[in-house]
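All residue numbers for the sequence shown refer to the working numbering, where the first residue is 517 and numbers rise by one. Scroll down for the structure; my scribbles are underneath it.
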Amino acid sequence: MMTKQDLLRQLPSVDSVLSHDIVPDLIDTYSYDVVRDTIRDVMAHIRQQILAETAVDVTSDAIMAQVEEQLQAIFQPTLRPVINATGVIIHTNLGRALLSKSAQRAITEVAGQYNTLEFDLDNGKRGSRLVHASQLLRDLTGADSAIVVNNNASALIMILSALARDHEVVISRGQLVEIGGGFRIPAIMKQSGAYLVEVGTTNRTRVADFADAVTGDTAMFLRVHSSNFKQIGFTEQPSLEELAETAHAHDILAVDDLGSGTLIDTSQFGLDYEPTIQDIVNAGFDLICFSGDKLLGGPQAGIIIGKQAVIDNLKRHPLARALRVDKLTYSALVATLEHYRRDEALTHIPVWQMISQSLNAIHQRAQHWSEQVGGRVLQSESTVGGGSLPGTTMPTHVLALDVSSPDDFMAELRAGSMPVIARVSDGMVLFDPRTVLPEQDDSLIESIQQIIQ
Ligand SMILES: *Cc1c(COP(=O)(O)O)cnc(C)c1O
Numbered sequence: 517m518m519t520k521q522d523l524l525r526q527l528p529s530v531d532s533v534l535s536h537d538i539v540p541d542l543i544d545t546y547s548y549d550v551v552r553d554t555i556r557d558v559m560a561h562i563r564q565q566i567l568a569e570t571a572v573d574v575t576s577d578a579i580m581a582q583v584e585e586q587l588q589a590i591f592q593p594t595l596r597p598v599i600n601a602t603g604v605i606i607h608t609n610l611g612r613a614l615l616s617k618s619a620q621r622a623i624t625e626v627a628g629q630y631n632t633l634e635f636d637l638d639n640g641k642r643g644s645r646l647v648h649a650s651q652l653l654r655d656l657t658g659a660d661s662a663i664v665v666n667n668n669a670s671a672l673i674m675i676l677s678a679l680a681r682d683h684e685v686v687i688s689r690g691q692l693v694e695i696g697g698g699f700r701i702p703a704i705m706k707q708s709g710a711y712l713v714e715v716g717t718t719n720r721t722r723v724a725d726f727a728d729a730v731t732g733d734t735a736m737f738l739r740v741h742s743s744n745f746k747q748i749g750f751t752e753q754p755s756l757e758e759l760a761e762t763a764h765a766h767d768i769l770a771v772d773d774l775g776s777g778t779l780i781d782t783s784q785f786g787l788d789y790e791p792t793i794q795d796i797v798n799a800g801f802d803l804i805c806f807s808g809d810k811l812l813g814g815p816q817a818g819i820i821i822g823k824q825a826v827i828d829n830l831k832r833h834p835l836a837r838a839l840r841v842d843k844l845t846y847s848a849l850v851a852t853l854e855h856y857r858r859d860e861a862l863t864h865i866p867v868w869q870m871i872s873q874s875l876n877a878i879h880q881r882a883q884h885w886s887e888q889v890g891g892r893v894l895q896s897e898s899t900v901g902g903g904s905l906p907g908t909t910m911p912t913h914v915l916a917l918d919v920s921s922p923d924d925f926m927a928e929l930r931a932g933s934m935p936v937i938a939r940v941s942d943g944m945v946l947f948d949p950r951t952v953l954p955e956q957d958d959s960l961i962e963s964i965q966q967i968i969q
């Protein structure tokens, strides 16, 4: 039995640990000072463990293993890739929409080279960044004009600040929603200096309620997508057309915060029908705003489309400068919109690939996973997420693992070098192939194997 003193005597010096074989490589990666300081930290900790009579290994190999682990932990970025096996396609906590391959390439191209962000190649003079996604947005939606800002929340703040400050905005009581992350419509109104006029009831609002609320101070009728909840039963909202017509009859604006916003009819995939962006343009709305990274399947952005004169007003507002987007966003957005123009969104944009995947293909992957790691293939449900299509699910097949402690198992999955986020249901850990990229299959299987063996 070795005493504390024996162990302390055996503890190598910092200098001798620094001569370990793997140190030069570590210094290459992390710098001399960082490696030396980390060795000191690890050895101080080992010394304390010896004094507390905890069993420790004092060989240089054991010390360096700890040093390496600590260096990796220190230099691990907080923002890093994970595997999403939850089956929630637009997962707000896991980065929402994944970009298509060509959107990823577009970002890489402009990121490392000078570019035409605000430069007109025809006349060699300064150009406007506002041109970049405009034409595509006009062609795809049928709107006259467009402007892109940082995200949809800022789009709404900009619309209200620029067009309704010190004026009244009429909204249905059924749509005074909180979208998440503390984003509440009444608070946004207040922030923008607009006066909220609520009409109708929680479940039923008619177009006459809107018309009756109009005064000399009314600036707009606002529709807000209910995003993350669903009203069922005895409910009523005015049709898009009658709301727009009534607004125009009173010479005020009809504005729609569409939230997710889709260019593709979702009902063809067995999902609920949602009016598309084009439907709302056709209904005569003056302004429509939606997110770039929900059902559109592009980068984070707030996209505002609508009538020329109204968008021109927004472009002149000081917030247009404050909320503008950068070259990376424009490049990814344009590449994403190009997929729609080429009618290849379903095969090229990850959100739509995941939505339109065949149940058969999903079943085959779950089956393949189960052949490697055991467990059973069960029927389950995936969701679109991101405040799109609330309450709607899509049938799926999952790999279900029966483990003694699902919570511990999930924690081990998250602790891996490529963390896996799964879902627990009925005491089983479920893995939904719908949201796992095919190229991540091997990594997922390896992560599970490491835990179960
Ligand atoms: C998601 C959402 C927003 C916020 O959009 P971000 O792009 O997250 O800023 C605003 N309104 C509605 C209705 C939404 O669904």
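Where is the CB? At the ideal position from N, CA and C, for every residue including glycine. Only a predicted model underlies this, so the values are computations on that prediction, with no experimental measurement involved.
In this structure, V730 lies away from I701, with their beta-carbon atoms at least 7 Å apart. Going by DSSP, H913 is part of the beta strand (DSSP E) stretching over 909-918. Residue range 939-941 is occupied by the beta strand (DSSP E) that includes S941. In this structure D788 is exposed. Its beta-carbon is surrounded by fewer than 16 other beta-carbon atoms within 10 angstroms. For P954, the CB contacts under 8 Å within the same chain, skipping 5 residues up- and downstream, are R881 in chain order.
Using a cutoff of 6 Å, the CB of N609 does not count as near ligand 1, since none of the ligand's heavy atoms is closer than that.
Of the residues assessed, S535 falls on the exposed side of the cut-off, its CB having fewer than 16 other CB atoms within 10 angstroms. Remark: fewer than three beta-carbon pairs, one from each stretch, lie closer than 8 Å, so the stretch 889-908 and the stretch 638-654 are not flagged as touching.
Short note on D773: C-beta closer than 6 Å to some heavy atom of ligand 1. Only residues of its own chain outside the window of five on either side were considered, and among them R642, G643, S644, R645 have a CB closer than 8 Å to the CB of E634, listed in chain order.
Contact between I865 and G813 is confirmed by a C-beta separation of about 4 Å, below the 8 Å threshold.
Residue environment analysis places V940 among the exposed positions, since fewer than 16 neighbouring C-beta atoms fall within 10 angstroms of its C-beta. Contiguous alpha helix (DSSP H) elements confined to the stretch 787-850 occur at 793-798, 824-832, 834-838, taking only those with 4 or more residues. The beta carbon of I543 lies closer than 7 Å to those of V551 in the same chain, with the five residues before and after it left out. Around the beta carbon of P911, fewer than 16 other beta carbons lie within 10 angstroms, which makes this residue exposed.
D772: not part of any alpha helix (DSSP H); member of the beta strand (DSSP E) spanning 769-775, first to last residue. The beta carbon of V850 lies closer than 8 Å to those of A622, H648, A649, L652 in the same chain, with the five residues before and after it left out. The DSSP-derived three-state label of Q753 is coil. In this structure, D802 lies away from L853, with their beta-carbon atoms at least 7 Å apart. By the CB criterion at 7 Å, G628 and R950 fall outside the cutoff. It is roughly 10 Å from the alpha-carbon of Q582 to the alpha-carbon of H561. Between the alpha carbons of Q895 and I878 lies a distance of about 11 Å. When secondary structure is reduced to three states using DSSP, A703 falls in the helix class.
Residue pairing of E584 in beta bridges, as defined by DSSP: absent, with no partner found. Boundaries around A662 are those of the beta strand (DSSP E), 661-665, since no alpha helix (DSSP H) includes it.
Shown here for A916: same chain residues with a beta carbon closer than 6 Å to its own, the five before and five after excluded, namely G891, R892, L894, M944, L946 in chain order. Under DSSP, I687 takes part in a beta bridge, and its partners are E714, L738.
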